[in-house]
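Residue 102 in this note's numbering sits at position 102 of the sequence shown, and the numbers go up by one each step.
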Amino acid sequence: MTVIAIDGPAASGKSSVARQLAERLGCVHVNSGALYRAVTWAVLNAGINPGDETAVAGFVHRLPVTMTASGGGAWIRVDGHDPEPYLRDQQVNAHVSTVSSYPEVRVLLTAILRGMGEGGDLVMEGRDIGSVVFPETPYKLYIDAQEEVRMARRAAQGEADSVRQRDKADSSRGSAPLQVPEGAVVIDNSELSAEETYAAVCAALAARGLAGL
Ligand code: DC
1 MTVIAIDGPA ASGKSSVARQ LAERLGCVHV NSGALYRAVT WAVLNAGINP
51 GDETAVAGFV HRLPVTMTAS GGGAWIRVDG HDPEPYLRDQ QVNAHVSTVS
101 SYPEVRVLLT AILRGMGEGG DLVMEGRDIG SVVFPETPYK LYIDAQEEVR
151 MARRAAQGEA DSVRQRDKAD SSRGSAPLQV PEGAVVIDNS ELSAEETYAA
201 VCAALAARGL AGL
């Protein structure tokens with residue numbers, strides 16, 4: 001099983017790189033942030049205070065959440081529902097970092113993410129993929145860009161998302177914080193186009209011996 005782990009802060013361009021790579025390699029693309037968002041949406045939907053760690057952990061423990069690979073994508077179901085339309089809601093953006101900071105939530109979701117590897121090759125993006133979820137993979141990338149550039153990208157997408165606060169929370173939490181994983185190739189794309197970023201990523205992976213690019 002080959003896993004390409006792509007980590008980095010919000011709006012760094014991880015998703016477009018991950019999607020293109022998975023398509024090129026003919027493997028499954030997993031956006032792990034979507035799983036954290038789906039659970040956050042369920043917490044809010046159930047009327048649970050996202051700041052109440054005990055209540056959130058207990059709820060997520062009982063929550064039937066699944067992720068299934070199909071057609072090159074990874075499909076999430078929460079209690080039988082497709083959470084996709086709600087994943088980028090302002091309320092989800094505002095609370096996802098809090099919910100994902102809870103160690104018990106991370107243990108549950110990390111197990112689901114690792115399980116995705118049993119079905120075959122993956123490109124997985126997130127915050128702790130190269131450091132915690134698949135630390136053994138030789139194919140680790142950390143995509144970064146200056147904060148102003150990332151904030152401008154999000155704003156251009158028309159989304160209300162406090163990128164700065166999420167990054168701060170995601171990097172400073174005790175459990176699996178956002179960090180450059182050991183052995184990762186760091187690519188700062190502040191001044192690169194999407195095409196240039198993808199080319200830099202392919203070059204880095206080819207230099208590590210990944211075939212098929
Ligand atoms: O990739 P994203 O911006 O959609 O992720 C949303 C949030 O999910 C992010 O702010 C922190 C959390 N997350 C995480 O804690 N660990 C991951 N591997 C992926 C996302």
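Cβ coordinates follow ideal geometry from the N, Cα and C atoms, glycine included.
*Which residues bound the alpha helix (DSSP H) around Thr68?*
Counting along the chain, Thr68 falls outside any alpha helix (DSSP H), though it belongs to the beta strand (DSSP E) covering Val65 to Ser70.
*Would Val185 count as contacting chain C if we go by Cβ distances under 8 Å?*
In the structure shown, chain C cannot be found, because there is only a single protein chain.
*Indicate the three-state DSSP secondary structure (helix, strand or coil) for Leu213 in the structure shown.*
coil
*If Val185 sits next to Leu141, beta carbons under 8 Å apart, how far is it from one beta carbon to the other, in whole angstroms?*
5 Å
*In its own chain, which residues sit with a C-beta less than 8 Å from the C-beta of Ala206, not counting the 5 before and 5 after it?*
For Ala206, where only same-chain residues beyond five positions count, the Cβ hits under 8 Å are Leu213.
*Should the segment 109 to 128 be called in touch with the segment 13 to 21, which here means at least 3 C-beta pairs below 8 Å?*
yes
_Distance between Ser193 and Ala152 (C-alpha atoms, nearest Å)_ = Spanning the two alpha carbons is a distance of roughly 14 Å.
*Could you check where the alpha helix (DSSP H) with Leu205 kicks off and where it finishes?*
Ala194 to Ala207
*Contact check, Val28 vs Gly72 under 8 Å by CB: the rounded distance?*
Val28 to Gly72, Cβ: 6 Å. Contact.
*Asp82 to Glu196, Cα distance in whole Å?*
Distance between the alpha carbons of Asp82 and Glu196 is about 34 Å.
_On the CB-based measure, 16 or more other CB atoms within 10 Å of its CB, does Gly8 come out buried or exposed?_
buried
*asked:* With H, G and I counted as helix, E and B as strand and the rest as coil, what does DSSP make of Asn31?
replied: strand
_Cβ pair Met116, Met67 closer than 8 Å_ = yes
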